[in-house]
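Please read the structure below before turning to the comments.
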Amino acid sequence: MKIVDKKILIVIAVAIVATVVVYLGLEYSLFFPTFFSAPISSEEAVSIVAHTLNLTNYDVNDFSTSYVYIKGDGSIFGSNINSNSIGKYIGKTAPTITTGNYFAWEVKYKSDDYFLDSTTGEIISNSNTKRFG
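Each residue of the sequence shown is one higher than the last, beginning at 1 in this note's numbering.
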């Protein structure tokens, strides 16, 4: 076997090993999503909604927050911020702006519900009529 052939085999083997290592690393990272992207706090979510509504003086107690999982079609499920687990179905709202699924903060203010992406703080859905069923 020529030296060139051995070098090609070594390069191919290294590329395969590197690909497998990257793949396994990405798969493993899915088990710990909050390790790599910490969610915003509920206080930050309230602040974002207040800023969006141009509220300069607001009482945090006028808002309520909960951590949820929202599907692209607007289906809402309870969730746990520590584990990103998906719980029981709790209602339905307007579809998300991208029709993608999100872990989100639900911020309620008066009769309106705002859903903010838990990592970016972007408002992904809002509705003044949450429907159950």
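Even for Gly, the Cβ is constructed at its ideal location relative to N, Cα and C.
Item, Value
"Can you tell me the Cα-Cα spacing of Gly74 and Val21, whole angstroms?", "37 Å"
"So is Ser41 buried or exposed if we call it buried at 16+ other beta carbons inside 10 Å?", "exposed"
"Run the CB neighbour count on Ser125, radius 10 Å, all protein chains shown included, and call it buried at 16 or more, exposed below.", "buried"
"In terms of residues, what are the limits of the alpha helix (DSSP H) holding Ala45?", "Ser42 to Thr52"
"Please go through the same chain and pick out, in chain order, the residues whose beta-carbon is closer than 7 Å to the beta-carbon of Lys108, but skip the five residues on each side of it.", "Phe63 and Ser64"
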